[in-house]
Amino acid sequence: MFNGQQIVVVMPAYNAARTLRQTYDEVMAQGIVDLVILVDDASHDDTVAIARTLPRVHVAVHPMNRGYGGNQKTCYRIALAAGADIVIMIHPDYQYTPQLIPAMASLVASGLYPCVLASRILGGGALRGGMPTWKYVANRFLTLVENFLLGAKLSEYHTGYRAFARSLLERLPFEENSDDFVFDNQILAQVLWLDCAIGEVTCPARYMPEASSIDFPRSVRYGFGCILTALQYRWAKIRGGGPLFPELCER
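Put into structure tokens, the structure is as follows:
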């Protein structure tokens with residue numbers, strides 16, 4: 160608990176056996192996490208077997224791979240059903256430090272921000288942590304384009320470390336989003352559509368062989384997906400509604 164609010168950490172997992180226990184240990188060391196929900200997306204390693212040995216972990220398994228976005232949908236559904244007041248997503252690949260969980264939970268619990276992102280760009284941690292130069296350049300370019308089209312001023316849209324208030328998640332039609340990696344951008348566009356403030360905290364990052372990553376072709380597809388999402392958002396604003404945000408336009 161944190162200020163009387165239940166904190167649930169969700170981990171969308173795929174072949175995370177080598178780093179899962181280390182990530183989990185650091186998550187629980189923060190002392191405020193009530194439950195960890197790990198959703199395995201048909202891994203080929205021992206991710207599920209390891210997860211089932213860990214205390215206070217709810218394990219859900221997709222028999223077939225549903226994609227990164229599809230995994231998150233299951234994460235958030237289970238977290239809300241479990242009564243979470245604050246949901247924090249962190250990847251189990253140990254790329255992001257769980258030590259930021261109290262800070263992120265505090266910003267949400269205080270009512271300052273219903274959504275908080277851990278940014279690898281603030282403070283220059285991305286390159287110091289080993290982010291490949293081409294990924295850094297792509298990150299900065301996409302963020303520039305997205306900020307312009309979405310009318311926001313975020314330092315990055317591509318972090319996999321996020322915190323949400325229950326009240327916000329319940330308003331977001333995230334089930335309508337893509338099952339692929341662009342889910343991350345679509346959900347942030349939906350948050351902005353609701354005119355909700357997004358907070359950011361600086362986050363050191365680690366890039367290791369064990370860390371999850373997508374190859375260059377999928378990265379290109381992801382980049383175009385991000386730009387398309389931002390264009391859909393801008394067109395929806397102009398028209399007063401659009402195909403990506405039909406439910407939000409009615410609220």
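In terms of the numbering used here, the sequence shown is residues 160 to 410. All residues carry an ideal CB built from backbone N, CA and C; glycine is no exception. All values reported here derive from a predicted model rather than from experimental measurement.
How far does the beta strand (DSSP E) with E359 in it reach, from first residue to last? I357 to T361
State the CB to CB distance for the pair V198 and H221, rounded to an integer number of angstroms; the pair is presumed to be in contact (CB under 8 Å). 7 Å
Could you round the C-beta distance between A176 and D205 to whole angstroms and report it? I think they count as a contact, below 8 Å. 4 Å
What is the DSSP secondary structure of S314, counted as helix, strand or coil? coil
When you measure from the CB of D193 to every non-hydrogen atom of the ligand FAD, does any distance come out below 6 Å? Absent from the structure shown: the ligand FAD. Ligands present: none.
According to DSSP, what are the bridge partners of H217? I196
Locate the alpha helix (DSSP H) running through V414, then write down its first and last residues. Residue 414 falls outside the range modelled here, since the chain spans only 160 to 410, and no answer is possible.
List in chain order: all unbroken alpha helix (DSSP H) runs of 4+ residues lying wholly within the stretch 298 to 351. 325 to 328
Reference Y392, options A348, H250 and N306, closest by Cα: A348
Can you tell me which of the three DSSP states H187 falls into? According to the sequence provided, residue 187 is Met. The question's His does not apply to it. Correct three-state label for M187: helix.
Taking contact to mean at least 3 C-beta pairs separated by less than 8 Å, is the stretch 262 to 282 in contact with the stretch 310 to 328? yes
Out of F333, W293, T361 and Y183, which one is the CA nearest neighbour of Q231? F333
Check whether the Cβ atoms of A243 and R325 lie closer than 7 Å to each other. yes
Pick from V168, G163 and D374 that is closest to I247, judged by C-alpha positions: V168
Identify the continuous alpha helix (DSSP H) that holds S378 and give its terminal residues. F375 to R398
Which value, in whole angstroms, describes the spacing of the CA atoms of F280 and V218? According to the sequence shown, residue 280 is Ile rather than Phe. Approximately 32 Å between the Cα atoms of the pair.
Quick one: grab the DSSP three-state call for A243. coil
Quick one: is Q258 buried, meaning 16 or more other Cβ sit within 10 Å of its Cβ, or exposed? exposed
Buried or exposed by the 16-neighbour rule on C-beta atoms within 10 Å, applied to V216: buried
Under 7 Å between C-beta atoms of V296 and I386: no
According to DSSP, which residues form a beta bridge with Q164? F161
To the nearest angstrom, how far is the alpha carbon of D252 from that of K396? 37 Å
Just to check my reading of the structure: N344 and G399 have Cβ atoms closer than 8 Å, yes? What is that Cβ distance to the nearest angstrom? Contact flag wrong, Cβ pair sits at about 22 Å.
How about Y381 and G288: are their beta carbons less than 7 Å apart? no
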